[in-house]
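Novice: Quick one: structure below, then a few questions.
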């Protein structure tokens, strides 16, 4: 029996059976991992695809683009960049006091920021006025805007870096610092449908435990 067990044919059969067993173990392990991550994989492609009619002109950015490292100004006059918001979702809006559609949507963006702040999403409204650090605070006070930061791009460098075709322009930036979509023109930013979309699209994934 010992000799029979050591014949070449027997050894081949043992190796073949062992190979099939290893393959089955590998496949089982792969499938178990797949089903753990499958929900997020399935959700990802649709997270920033709005329903028809939600925005007048939404453009998905495919592939996603790393946002430019261009400085803009805070209310104090200090320079900052979008990298300061990495780890959060960002709704980046370019506007100006002389832009009528921008003026109409600013109170909506103010409310949007109040709605989504708890989801680790920042709404940043960048004024393109030449004297933005004077004009924007006056505008905020006149229109009772309390939830938006005063930010300025008086030379238009950041707007040009995003190849903005005009105002208003709103860019969606994920928590990794990549542009994933943009809205050209105004929108109803405080509508329940858009608030829900912004949360779904830009909320950072919760930190993994352990």
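Numbering (this note's numbering), first residue to last: 30 to 239. Every residue, glycine too, gets a C-beta built ideally from N, C-alpha and C. It should be emphasised that the depicted structure is a prediction, and the values quoted were computed from it without experimental measurement.
#1: Assuming residue 143 and residue 162 form a contact by the criterion Cβ under 8 Å, report the distance between their Cβ atoms to the nearest whole angstrom.
#2: Exposed or buried, which one is residue 218 when buried takes at least 16 other CB atoms within 10 Å?
#3: Assuming residue 95 contacts residue 206 (C-beta within less than 8 Å), just tell me the rounded distance between them.
#4: Looking at the secondary structure, which residues open and close the alpha helix (DSSP H) in which residue 104 lies?
#5: Measuring CB atoms only, is the region 173-189 touching the region 100-108, in the sense that at least three cross pairs come out at less than 8 Å?
#6: Assuming residue 115 and residue 151 make a contact with CB atoms under 8 Å, what is their CB distance in whole Å?
#7: Is residue 233 closer than 9 Å to residue 204 when the C-beta atoms are compared?
#8: Return the residue from the list 120, 111, 109 and 157 that minimises the CA-CA distance to residue 128.
#9: Between 91, 123, 88 and 109, which lies nearest to residue 189 when the distance is taken from Cα to Cα?
Specialist: In short, the structure shows the following:
#1: Between residue 162 and residue 143 the Cβ distance is about 23 Å, and since that is not below 8 Å, they are no contact.
#2: buried
#3: 6 Å
#4: Element bounds for residue 104: n/a, residue is neither H nor E.
#5: yes
#6: In fact, because the Cβ distance is near 11 Å, the residues do not count as touching under 8 Å.
#7: yes
#8: 157
#9: 123
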